[in-house]
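Structure below.
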């Protein structure tokens, strides 16, 4: 599944066109370009969350719009695609502390250098060879960012499994994970990226093996709780889909396809969460006293070169909902101004409905100190 996804990502910008007499603004203003980029971001987010099936679907949609951009704008559009992919991977690496983590800081720095080199070549480009060279630099940047992200996430997942009691410090599995991660880090510092990726993937496979049964148990527990709360009747279609997905998770677990089992178990949990979120959306809200704690009622969409806003990203802010999966709540409240939930415009003002009955007032200002929604019980 992962290989298919990577092929789809690559296919979005490894087909060359002819017309290069196009400006940056022409492309960015086109609806096809914006949709292609948005679906790519969603695909990458889903992939990194382990939702590979959904990621493939988003990738296919991205490719559909990318092909339209390529047909219209030629190689220039391909460069912008590669650039955005590099930016996204850098943002993901930095998001897990990869710019300061000892295991990934050199990869982060090299990735930034490749990205900036790609920009330099791109800005001075006069022919298809220059554009091709800039794509190569952006691709190198993406590879290093992704590797760095994996090295950091291996450590984070190891900590999680220790907390869950799946491994203990210095047991046989823990030693294997630590040794593979150490080798991956050493190979990366020696610029031997193939061996680094190979060792990192071996460590990830062990982590998948250890985490899959835990995730399955939690998915089973979540679905049982949903049944106790009556969602097998009030949300029958969603409940049945989650039940079927849980069967897939069990079959994969029994077949030692741990990565696929882990994916399906996490998907079950997401489905159950969606049942609860959907059921609560239109119910009467209990007002919670939040005197002295500030939460914004409005949010102004911000475009950034790295980590630009999306509904998912906005919902994930702790002063909004602290959970990207709740993005639909924002979308439902702003349908009159959002044509496509995958595209929000820089400067757009979005209404943020109350989640837990908290009082919201004013427009988000980065100079203000806001409360954390998760502190409200």
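Residue numbers (our numbering): 2 to 378. Glycine included, C-beta positions come from ideal geometry on N, C-alpha and C.
Quiz prompt | Cβ distance (whole Å) where residue 325 is taken to contact residue 375 below 8 Å | solution = Here the question's residue 325 lines up with position 324 in the chain shown. Here the question's residue 375 lines up with position 374 in the chain shown. No, residue 325 and residue 375 are not in contact; Cβ-Cβ is about 13 Å, not under 8 Å.
Quiz item: Which residues in the same chain have their Cβ closer than 8 Å to the Cβ of residue 370, if we skip the five residues on either side of it in sequence?
Solution: Taking the first residue of the chain shown as position 1, residue 370 is located at position 369. Closer than 8 Å at Cβ, skipping near neighbours: 295.
Quiz item: Say the cut is 7 Å; is the CB of residue 59 nearer than that to a heavy atom of the ligand PLP?
Solution: Absence of the ligand PLP is noted for the structure shown, with no ligands found whatsoever.
Quiz item: From residue 215 to residue 185, what does the alpha carbon distance come to, in whole angstroms?
Solution: If you number the chain shown from 1, residue 215 lands on position 214. If you number the chain shown from 1, residue 185 lands on position 184. The alpha-carbon atoms of residue 215 and residue 185 are separated by roughly 26 Å.
Quiz item: Are residue 239 and residue 210 close, meaning C-beta to C-beta below 8 Å?
Solution: Here residue 239 refers to the residue found at position 238 of the chain shown. Here residue 210 refers to the residue found at position 209 of the chain shown. Contact: no.
Exercise. Determine the contact status of residue 112 and residue 149, defining contact as a CB-CB distance below 8 Å.
Key: Residue 112 sits at position 111 when you count from the first residue of the chain shown. Residue 149 sits at position 148 when you count from the first residue of the chain shown. A contact, by the Cβ cut-off of 8 Å.
Practice problem: Tell me, please, which residues DSSP counts as bridged to residue 364. | Solution: Here residue 364 refers to the residue found at position 363 of the chain shown. Answer is 299, bridged to residue 364.
Exercise. Within the same chain, show all residues whose beta-carbon is closer than 6 Å to that of residue 134, passing over the 5 residues directly before and after it, in chain order.
Key: The count along the chain shown starts at 1 and reaches residue 134 at position 133. 122.
Quiz item: Relative to the alpha-carbon of residue 106, which residue among 152, 118, 76 has its alpha-carbon at the smallest distance?
Solution: Residue 106 sits at position 105 when you count from the first residue of the chain shown. Among 152, 118, 76, the Cα nearest to that of residue 106 is on 152.
Quiz item: Does the distance from the CB of residue 343 to the CB of residue 36 come in under 8 Å?
Solution: In the chain shown, counting from the first residue as 1, residue 343 sits at position 342. In the chain shown, counting from the first residue as 1, residue 36 sits at position 35. Contact flag set, yes.
Quiz prompt | Contiguous alpha helix (DSSP H) assignments of at least 4 residues, all confined to the segment 182–230 | solution = 194–229
Quiz item: Mind pulling the alpha helix (DSSP H) runs of 4 or more residues that sit fully within the segment 42–128?
Solution: 53–74, 76–96, 106–125
Quiz item: Can you pull the DSSP bridge partners for residue 351?
Solution: The count along the chain shown starts at 1 and reaches residue 351 at position 350. In the DSSP output, where bridge partners are listed per residue, residue 351 has 300.
Practice problem: Can you have a look at residue 346 and say buried or exposed, based on whether 16 or more other CB atoms are within 10 angstroms of its CB? | Solution: As a position in the chain shown, residue 346 is number 345, starting the count at 1. Counting Cβ neighbours within 10 Å, residue 346 comes out exposed, since fewer than 16 surround it.
Exercise. Report buried or exposed for residue 246, applying the criterion of at least 16 other Cβ atoms within 10 angstroms of its Cβ.
Key: For this step, residue 246 is matched to residue 245 along the chain shown. Buried is the call here.
Quiz item: Which first and last residues belong to the alpha helix (DSSP H) in which residue 338 is found?
Solution: Numbered from its first residue, the chain shown carries residue 338 at position 337. No alpha helix (DSSP H) holds residue 338; DSSP gives it neither H nor E.
Quiz prompt | Best match in 162, 160, 159, 117 for proximity to residue 142 [C-alpha to C-alpha] | solution = Along the chain shown, one-based indexing puts residue 142 at 141. Among 162, 160, 159, 117, the Cα nearest to that of residue 142 is on 117.
Quiz prompt | Delimiting residues of the alpha helix (DSSP H) encompassing residue 253 | solution = Here the question's residue 253 lines up with position 252 in the chain shown. 237–255 is the span of the alpha helix (DSSP H), which, as asked, contains residue 253.
Quiz item: Hey, quick one: how far does the alpha helix (DSSP H) through residue 332 stretch, first residue to last?
Solution: To locate residue 332, count along the chain shown from 1; it is residue 331. That run of the alpha helix (DSSP H) goes 328–334.
Quiz item: Can you name, in chain order, every residue of its own chain whose Cβ lies under 6 Å from the Cβ of residue 165, other than the five neighbours on each side?
Solution: As a working note, residue 165 is residue 164 in the chain shown. Same-chain partners within the cutoff: 215.
Exercise. Compare the C-alpha of residue 87 against each of 101, 109, 97 and name the closest.
Key: Locating residue 87 in the chain shown gives position 86, where the first residue counts as 1. Of the listed residues, the one whose Cα sits closest to residue 87 is 109.
Practice problem: Provide the residue span of the alpha helix (DSSP H) that contains residue 315, from first to last. | Solution: For this step, residue 315 is matched to residue 314 along the chain shown. Segment 312–317, the alpha helix (DSSP H) holding residue 315.
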